[in-house]
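For the sequence shown, the residue numbers in numbering that gives the first Met the number 0 are 0 to 285.
Backbone N, C-alpha and C fix where the C-beta goes; we use that ideal spot for every residue, glycine too.
Encoded as structure tokens, the structure appears first; notes follow it.
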Amino acid sequence: MKEWIVTEENNLKDFTDSHDPQASFFFDRLLKAREIKINGERVAAGGSRTLLKSGDRVCYYLTRAQEEMTAFDTMYEDENLLVTDKADGVNAEAVYETLARERGAQGVYFIHRLDRNTRGLMIFAKNAACAEELKRAFKERDVEKTYLAVMKNCFSADETRQTAYLAKDAARAEVRVSGKPSAGAEKIVTGFQPILKKGDIAVCEVFLHTGKTHQIRAHAAFLGHPVLGDTKYGDKALNKKYGKTRQCLIAKKITLRFSGDSPLAYADGRTFVSRYGFEEYGALPV
């Protein structure tokens, strides 16, 4: 049995997501089976947003098989950096909370997020100085990130680097992309390189030249090549055809770039590669 004591007001789903990456895999299943208890009382099947108060006790059971599933792996760690490889279905905050519990609150620093249903690499800092340097590097695009995505149809040769404008729609918790500037919209640049075509889908390498919320998914959909399995911006018919309910998107590769006076200069040029891929569609390059 896993047991958690609530320390501040929250709802059940957000609390579980931020505290236990293993439960992130199985939350919907646990809830549907009424396997989650709050203060000894079973939560209703539709109670994902049940309000939790400070002092509440949240309990649930995971089977041995569920416990053994890997929510994330630590790929690399030194005195300054920690690199993890996250599974899809796992909330990024839960990865951070787990690392923070293991190392203490000052032993790991949250640098960047990864969508719950996107697999792949996340980098954390292990001290304040390196956290500041990593945040600067991400902001100034000194960190080179390559994604893999399965997308509808394929790009032609002149579509590999695309510019558009993205605006957040907070009320709907999504973003809107257009081809022209507009009030509140920010310029986005995304590179798409098809590496494998198969029928009406293609596996593409995707390069972020800017980094905005949902940029890859929303930009790809705007261009008519939505990410397979994307339930927010994607093609429902295509998702149904292939039986995909999570976006086929992987944060595949990260290369670090730091100058000689950086506290992370020793990591300049270091590349990390996720273990995840789309081998089911054919042999892919690393």
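Buried or exposed for residue i, please, with buried defined as at least 16 other CB atoms from any protein chain shown within 10 angstroms of its CB.
{"i": "residue 228", "result": "buried"}
{"i": "residue 16", "result": "buried"}
{"i": "residue 95", "result": "buried"}
{"i": "residue 78", "result": "exposed"}
{"i": "residue 177", "result": "exposed"}
{"i": "residue 69", "result": "exposed"}
{"i": "residue 84", "result": "buried"}
{"i": "residue 6", "result": "exposed"}
{"i": "residue 242", "result": "exposed"}
{"i": "residue 121", "result": "buried"}
{"i": "residue 127", "result": "exposed"}
{"i": "residue 168", "result": "exposed"}
Can you name, in chain order, every residue of its own chain whose Cβ lies under 6 Å from the Cβ of residue i, other than the five neighbours on each side?
{"i": "residue 35", "result": "29, 42, 59"}
{"i": "residue 91", "result": "112, 113"}
{"i": "residue 22", "result": "15"}
{"i": "residue 201", "result": "150, 153, 193"}
{"i": "residue 182", "result": "none"}
Looking at the secondary structure, which residues open and close the alpha helix (DSSP H) in which residue i lies?
{"i": "residue 215", "result": "214-221"}
{"i": "residue 12", "result": "11-18"}
{"i": "residue 135", "result": "127-138"}
Since residue i is in the beta strand (DSSP E), which residue starts that stretch and which ends it?
{"i": "residue 143", "result": "142-151"}
{"i": "residue 118", "result": "118-124"}
{"i": "residue 235", "result": "Careful: residue 235 lies outside any beta strand (DSSP E), inside the alpha helix (DSSP H) at 235-241."}
{"i": "residue 252", "result": "248-255"}
{"i": "residue 192", "result": "185-197"}
{"i": "residue 98", "result": "Not the beta strand (DSSP E): residue 98 falls in the alpha helix (DSSP H), residues 91-102."}
{"i": "residue 165", "result": "160-168"}
{"i": "residue 175", "result": "173-177"}
{"i": "residue 272", "result": "270-272"}
{"i": "residue 4", "result": "1-4"}
{"i": "residue 205", "result": "200-207"}
Just checking my contact of residue i with residue j at CB under 8 Å: how many whole Å lie between their CB atoms?
{"i": "residue 165", "j": "residue 184", "result": "6 Å"}
{"i": "residue 89", "j": "residue 71", "result": "6 Å"}
{"i": "residue 38", "j": "residue 55", "result": "6 Å"}
{"i": "residue 8", "j": "residue 47", "result": "That pair is no contact at about 16 Å."}
{"i": "residue 248", "j": "residue 146", "result": "6 Å"}
{"i": "residue 124", "j": "residue 108", "result": "4 Å"}
Beta-carbon within less than 7 Å of residue i's beta-carbon, same chain only, minus the 5 sequence neighbours each way: which residues are those?
{"i": "residue 266", "result": "80, 255, 257"}
{"i": "residue 192", "result": "159, 203, 204"}
{"i": "residue 97", "result": "20"}
Got a sec? Which residues, its chain only, sit under 8 Å from residue i by beta carbon, not counting five neighbours each side?
{"i": "residue 231", "result": "173, 213, 216"}
{"i": "residue 268", "result": "254, 255, 256"}
{"i": "residue 285", "result": "Caution is warranted here: a pLDDT of 45 is assigned to residue 285, below 50, making its placement in the model unreliable, and no coordinate value can be reported."}
{"i": "residue 31", "result": "44"}
Give a single yes or no on whether residue i has its beta carbon closer than 8 Å to a heavy atom of the ligand PLP.
{"i": "residue 11", "result": "In the structure shown, the ligand PLP is absent, as is every other ligand, since no ligand is present at all."}
Original post:
Where are the alpha helix (DSSP H) runs, 4 residues long or more, that stay fully inside the segment 54-79, in chain order?
Top reply: 63-67
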